[in-house]
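Following the working numbering, the numbering of the sequence shown begins with 4 at its first residue and continues without gaps.
Glycine included, every Cβ here is placed at the ideal spot set by N, Cα and C.
Notes follow the structure.
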Amino acid sequence: MAPQIALRDIHQATAPSWWPLAPGWWIVIAVVVAIIALAWFLRRRKIRRIRKLEAMFDDAVDAAPTPAAQVRAMSELLRRAARRRQREADTFEGETWLRFLDGGYKAPVFDSDAGRLLVDGAFRPGVDETDVRALRDIARRRFIEWMQR
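This is the structure:
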């Protein structure tokens, strides 16, 4: 008979811990952090650019002494922005210009009361300041939209 072999109890190995993470998880975390940082940086840059454009628009309009001159300044800024979108856009006049400015909007914004100031408001002797303020809001929005592209 064979001598008795001393047997020991079988113990299972300890389960792997979640910490420290495997190298693949570190790579995934690094990529996610890099994407978040890049998105934050690009968003901050876009906001800074929008603020500069807003300041440029406001400074140019505020520098005009009269409401008619403010309308003229807004028209000039819109024509500069329109040229970035379509090369011959700065030559449009009257209804064609207003329809071009309304392009992309569901409802006509510039072909309405305040927007019509762009056609003849710069040449009128008495331009209402409330109309100029209303035009300023829509012109500023369109200017920034076109200058961002």
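Every alpha helix (DSSP H) of 4 residues or more that sits fully in the segment 7 to 69 is shown, in chain order, as 26 to 65. R46 and A16 have their C-alpha atoms spaced approximately 49 Å apart. For S78, the three-state secondary structure derived from DSSP is helix.
Between A18 and R48, the alpha-carbon positions lie close to 47 Å from each other. A Cβ-Cβ separation of about 10 Å leaves R145 out of contact with R88 under the 8 Å criterion. Residues of the same chain with a CB within less than 6 Å of the CB of A84, apart from the 5 flanking positions on each side, are F146, W149, M150 in chain order. For a cut-off of 8 Å, the C-beta gap from L24 to M77 is around 57 Å, too long to register as a contact. Excluding sequence positions up to five before and after A37, its CB lies less than 8 Å from no other CB in the same chain.
Cβ atoms of L80 and F60 come within 8 Å of each other, at about 6 Å. Within the model, the alpha-carbon separation for D131 versus R51 is close to 33 Å.
About 6 Å separates the CB atoms of G118 and V112; that is less than 8 Å, so the two are in contact. In the DSSP assignment, V135 falls within the alpha helix (DSSP H) that extends over 132 to 151. Where E98 is concerned, the enclosing alpha helix (DSSP H) starts and stops at 97 to 105. For V122, the enclosing alpha helix (DSSP H) begins and ends at 120 to 123.
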